[in-house]
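Under numbering that gives the first Met the number 0, the residue at position 31 of the sequence shown is numbered 30, and the numbers go up by one with no gaps.
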Amino acid sequence: MKKIITALALASIGVASLAHSASFDCSKARSFAEKTICSSPKLSKDDDDLKYLYGYAKASVKDRKAFSEIARALWNSRERCSDYACVEEWYDSAFAIYGAIKAKGIPATNGVTDFAKEPEISPDEKKNESQSNNTKKDFSLYDSKERAAPVEHDAVLYKDTPEAFEFIDTLVGFVRKSSFTCDTVSSFSPMVMSNGFTLSCNGFSYKYDIKNNGGNVAVTVDN
């Protein structure tokens, strides 16, 4: 009876281990990031979940070369991590980037705009759909008096959660402290080649680049 219980216990441990397994062979983990992922059930699960989102994002684009370059840049940025927080934040960025690619493709890469094609609909259907979206859309967060700068109703945002709007406010404040003007926000998205975000307002794109795991922050105007 004791042997049976022991066997069942070992089996349950094996199932639990598989439930949180990373997408790669942890016995071959070499870098700090890989070892950290393998030692953390949360990060292992994130890695396994990201594997599927990565596959969907890759399948949704035509420019595979550009996608491979983005994936390589992301992987390299993860391998530069030297603490747990950096690896954890990397997964947040990776989910956002691959999610955006899956939803909208890779815009303006090497002169090619690679948005996923949508089924063609008639002008009347487009008008009805637009009217329907306008009536259902809640713009209270966009127009809130608490905003550092109003967010345009047609702004391109990779997230429109209350937390995302608070982060936009932070970026607007930082842009203004750098002696730039930001009256209204037209877009907010993650940067694909580094850990940071891009905020667009007043016809300019401002890069909020996170360096040294958040230690140094720099804003530059992208003309």
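For every residue, glycine included, the Cβ atom is placed at its ideal position computed from N, Cα and C.
Predicted model only: the values in this text are computed from it and were never measured.
- Tyr55 is bridged by DSSP to nothing; it lacks a bridge partner.
- By the beta-carbon neighbour count (other beta carbons within 10 angstroms, threshold 16), Tyr205 is buried.
- Per DSSP, Pro149 is not a residue of any alpha helix (DSSP H), being assigned neither H nor E.
- Here the alpha carbons of Thr160 and Asp46 stand approximately 24 angstroms from one another.
- Under DSSP, Leu156 shares a beta bridge with Phe187.
- In this structure, Ala147 sits near Val171, with a CB-CB distance shorter than 8 angstroms.
- If you draw a straight line from the Cα of Glu162 to the Cα of Leu140, it is about 10 angstroms long.
- By the neighbour-count criterion, in which a residue is buried when 16 or more other Cβ atoms sit within 10 angstroms of its Cβ, Ala56 is buried.
- Using a Cβ-Cβ distance cut-off of 8 angstroms, the region 19 to 29 and the region 65 to 83 are not in contact, since fewer than three pairs of beta carbons, one from each stretch, lie closer than that value.
- Phe31 and Lys136 have their alpha carbons spaced roughly 44 angstroms apart.
- With contacts defined as CB atoms closer than 8 angstroms, Ser188 and Thr197 qualify as a contacting pair.
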